[in-house]
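One structure is given here, and the rest of the page talks about it.
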Amino acid sequence: MMVNHLIAITMAYVIDLLIGDPPHWPHPVRWIGSLISLLDKRWNKGKSKRWKGAALLLIVLLTVFSISFVIVFIAYKIHPILGIGVESIIIASTIAQKSLKEAALEVYHPLIEGNLVEARKKLSYIVGRDTETLSEGEVARGAIETVAENTSDGVTAPLFWALLGGAPLAMVYRATNTCDSMVGHINDRYKDFGWASAKWDDVMNWIPSRLTGMLMLLGNRSEKMSKKEAWIILFRDAKKHPSPNSGWGEAAVASLLGIQLGGVNYYKGIISNRAKMGEPIVPIEAMHIPKANVILTRTVLLFLLFLWMGGMGFELAITWLKSAISL
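Here the sequence shown is numbered in the numbering used here, starting from 2 and rising by one per residue.
Right under this line is the structure:
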């Protein structure tokens, strides 16, 4: 029943909030990554790379779904409470609100202490861009963009799929995201082999990213502009991002903080000029990092409420439909 998923989702949220992702604990993403690496080494060569990459994606997703489904099914067969408990633990492994906020604060603390070198180093752990020569504002921008983009990827999207299909679909989402992170790159090695993973990740993120961006504006007050202006910026700038989904979180956070995200980044010395999002009403500063974390916290809470309302509404609709049919 969907209500079981909702209870498990809420418990997963609390588990992640309290425990997060301890570095030395076993984590399903590491096992998924090992399977992807194995298939990548064996199949990413020769002809028909797109087909081989699609096969990698299919095998990884079917493996993850099957294992998760069997574990949850057995747990529910033993007892519903055990099933909810097991499901909540699995779902908790797919979200990373606590880790995301902590990673941002690890950049923030040396930044406000004037230790720019350490702040650059901490930022390099969570972004792919070159950080060695970034200014204070650019370091802060990197941390804010990470929080903004990963509010959906790291928290709300897996919760969305958990509502629709419990822990197995949450794990399918996390496996999809891992495939995209590992092989979904636009370069000579992966442009064909990782094509299926990148496209499927776009599909699975399409609805959650847009919901997240809109809930950011609904659940938070814009500091420097009216609600109407913030909504205009969201729909104007979200589509500018190279990703069809990542721009929604970044545009929403930029409008709420009155800052401008995007711009020039360097990746291994190669320039990447990203579209700018938001209006530069105020310059980006270190203080905007914890403010981005506040937006993350409020958005996830509102997203949970949205899931409960949607899930219970669906349950009531199904109950009414069954009653109407039986008349």
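No residue lacks a Cβ here, since even glycine has one placed at the ideal position from N, Cα and C.
> Out of curiosity, what's the CA-to-CA distance linking Pro81 and Val71?
Replying inline: 15 Å
> CA-CA distance, Val73 and Leu135?
Replying inline: 46 Å
>> According to DSSP, simplified to helix, strand and coil, what is Ala276?
In response: In this structure, Ala276 counts as strand in the three-state DSSP scheme.
> If you pair each beta-carbon of the region 290 to 310 with each one of the region 145 to 155, do three or more pairs fall below 8 Å?
Replying inline: yes
> My guess is that Gly259 and Glu286 are in contact by the Cβ rule of under 8 Å, so how many angstroms apart are they, rounded?
Replying inline: With a Cβ gap of about 11 Å, Gly259 and Glu286 do not count as contacting.
> Alpha carbon to alpha carbon, what distance is there between Ser247 and Val204?
Replying inline: 12 Å
> How should Tyr191 be labelled, buried or exposed, when 16 other C-beta atoms within 10 angstroms of its C-beta is the threshold for buried?
Replying inline: buried
> Residue range of the alpha helix (DSSP H) that Asn151 falls in?
Replying inline: Glu137 to Thr152
>> Taking only three categories from DSSP, how would you classify Ile271?
In response: strand
>> Measuring only the C-alpha atoms, how far is Ala325 from Tyr77?
In response: 29 Å
>> Would Ala163 and Ala13 qualify as a contact pair, given that the criterion is a beta-carbon distance under 9 Å?
In response: In this structure, Ala13 lies closer than 9 Å to Ala163 by Cβ.
>> Measuring only the C-alpha atoms, how far is Arg275 from Tyr267?
In response: 10 Å
>> Contact defined as beta carbons within less than 8 Å: I believe Leu160 pairs with Ile10. What is the distance between those atoms, to the nearest angstrom?
In response: 6 Å
>> Check whether chain C comes within 9 Å of Leu216, counting only Cβ atoms and requiring the distance to be less than that.
In response: Structure shown: chain C not included; a single protein chain is present.
> Is there contact here, the region 212 to 230 with the region 179 to 188, by at least three beta-carbon pairs under 8 Å?
Replying inline: no
>> Taking the straight line between their C-alpha atoms, what separation do you get for Pro245 and Asp181?
In response: 14 Å
> Where His110 and Ala120 are concerned, what is the direct C-alpha to C-alpha distance, given to the nearest angstrom?
Replying inline: 8 Å
> With burial defined as no fewer than 16 other Cβ atoms inside 10 Å of the residue's Cβ, what is the status of Phe236: buried or exposed?
Replying inline: With fewer than 16 Cβ atoms within 10 Å of its Cβ, Phe236 is classed as exposed.
>> Buried or exposed for Ser273, going by 16 or more other Cβ atoms inside 10 Å?
In response: exposed
>> Less than 9 Å between the beta carbons of Ile16 and Ala93, yes or no?
In response: yes
> In terms of residue numbering, what span does the alpha helix (DSSP H) encompassing Lys123 cover?
Replying inline: Leu117 to Ser125
>> Taking the straight line between their C-alpha atoms, what separation do you get for Ala97 and Leu18?
In response: 9 Å
>> Between the alpha carbons of Thr300 and Leu322, how many angstroms are there, rounded?
In response: 32 Å
>> Report the CB separation of Leu216 from Phe304 in whole angstroms; it is logged as a contact under 8 Å.
In response: By a beta-carbon distance limit of 8 Å, Leu216 contacts Phe304. Their separation comes to about 6 Å.
>> Taking only three categories from DSSP, how would you classify Val128?
In response: coil
> By Cβ distance below 7 Å, which residues in the same chain neighbour Arg130 in space, the five residues on each side in sequence not counted?
Replying inline: Gly143, Asn266, Tyr267 and Tyr268
> Going straight from the alpha carbon of Val87 to that of Pro27, what length do you get?
Replying inline: 15 Å
> Expressed to the nearest angstrom, what Euclidean distance is found between the alpha-carbon atoms of Leu219 and Leu306?
Replying inline: In this structure, the CA atom of Leu219 is about 12 Å from the CA atom of Leu306.
> Which value, in whole angstroms, describes the spacing of the CA atoms of Val108 and Lys292?
Replying inline: 13 Å
>> Suppose only complete runs of 4+ residues qualify. What are the alpha helix (DSSP H) ranges in the region 68 to 97, listed by chain order?
In response: 81 to 93
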